[in-house]
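1089 is the number that the working numbering gives to position 61 of the sequence shown; each next residue is one higher, with no gaps. Glycine is no exception: its CB is placed at the ideal position from the N, C-alpha and C atoms.
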Amino acid sequence: MTLNPLRLEIRLAVEAAQDKQAVDITVLKLDGLGAFVEYFLLCSGNSQPQIKAIGDAIEERLVAQGVRLAHREGKAGAEWVLLDYGDFVVHIFSERARHYYDLERLWRTAERIDFPAPSPPAEFHDSSGGDSPQQ
């Protein structure tokens, strides 16, 4: 399964997470596995502010498309944020919390899509032959 066959809401949430440099982005398709939702979107942030920023970006992107958040869990400074959209749930973890909850192992029979980490910016090369600053 690739990003294109995913529902628009899931694609938008993945893109918003990528825009905020979320790591280890994974979508689990839970349909038919007895789960209460069709999809989990899992991702991680490297700090509590980044975890919050990822959640805020996903919420903003989806509300702009008319997708309403049913419920949010996770307080400021939390290592885990949950965004419940009814038939899909977004989990944003710290690395430690993601390892602890290990939803990928719990739902290991689910169809899975992993998204590669964003590419680092290309180095700037000065065409005049001088030293080039690295970005």
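Secondary structure note for D1084: its alpha helix (DSSP H) is the uninterrupted segment 1076-1092. Between the alpha carbons of N1074 and Y1128 lies a distance of about 15 Å.
In terms of CA proximity to L1111, A1085 leads the group A1085, E1132, E1123. When only Cα atoms are considered, S1122 and T1137 end up about 23 Å apart.
Just measuring C-alpha positions, the residue of H1099, V1118, R1124, F1064 sitting nearest R1039 is V1118.
Residue pairing by DSSP places R1100 opposite L1111 in a beta bridge. The three-state secondary structure of E1139, taken from DSSP, is strand. A straight-line Cα-Cα distance of about 14 Å links L1097 and L1069.
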